[in-house]
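Here the structure comes first, spelled out in structure tokens, and everything after it is commentary.
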Amino acid sequence: MRCVIARFPFDLTKSGVLESMKGVKPEPATDDHLVIIGRRHYPAKQVGQVLTHQDRRDFSAVEVLRAMTRLGFTCRTRPTAGSVPMAGAYQRASAALGTQPTRLNYGQV
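The opening position of the sequence shown corresponds to residue 16 in the working numbering, with each subsequent residue numbered one higher.
See the structure below:
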């Protein structure tokens, strides 16, 4: 499939990506964009550098994610601390008491 990364066209295939990433150890994720290839989670910039042989500053992680998604790979963004929903007052009080919250229906005691 023809994909454009850093204004250059590349003919990428899923099998070609798998072959290129074989034997490449994933770096510790420093950014929030990850590409899952096989059982490994690679930073998007690492995948882009291996596939295009370009410097990581020449392309964005979003370009790599777009290309990998089109090829059928799973791409994720790491959740931030603010994206987790906060517990309500009832849940916090139940947690402080060490009990599980019980939901009562109307008219139930």
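Virtual Cβ for every residue (Gly too), placed ideally from N, Cα, C.
Can you look up residue i in the DSSP assignment and give me helix, strand or coil?
i, result
"TYR105", "helix"
"LEU27", "coil"
"ARG17", "strand"
Here's the rule: buried if 16 or more other CB atoms are within 10 angstroms of the residue's CB, otherwise exposed. What is residue i?
i, result
"TYR121", "exposed"
"GLY113", "exposed"
"GLY103", "exposed"
"ALA111", "exposed"
"ILE51", "exposed"
Comparing C-alpha positions only, which one of the options sits nearest to residue i?
i, options, result
"HIS48", "THR89, GLY103, ALA111, ARG107", "THR89"
"ALA59", "ALA111, TYR105, ARG93", "ARG93"
"LYS37", "MET83, ARG81, ARG54", "ARG54"
"PRO41", "LEU33, ARG71, GLN61", "GLN61"
"PHE74", "ALA82, THR117, GLY63, THR45", "GLY63"
"TYR57", "GLN69, ARG71, ASP70, VAL39", "VAL39"
"ARG71", "ILE52, ILE51, ASP46", "ASP46"
Give me, in chain order, the residues of the same chain whose beta-carbon lies closer than 6 Å to that of residue i; leave out the 5 immediate sequence neighbours on both sides.
i, result
"LEU107", "A quick correction: the sequence has Arg, not Leu, at residue 107. None."
"ARG17", "PRO24, ASP26"
"ALA44", "PRO58"
"THR84", "CYS90"
In its own chain, which residues sit with a C-beta less than 8 Å from the C-beta of residue i, not counting the 5 before and 5 after it?
i, result
"GLN115", "SER109"
Contact check, residue i vs residue j under 8 Å by CB: the rounded distance?
i, j, result
"LEU27", "LEU86", "6 Å"
"LEU66", "SER30", "About 13 Å separates the two Cβ atoms, so there is no contact after all."
Short of 7 Å in beta carbon distance, which residues of its chain neighbour residue i, apart from the five on each side in sequence? Order them along the chain.
i, result
"GLN69", "ALA21"
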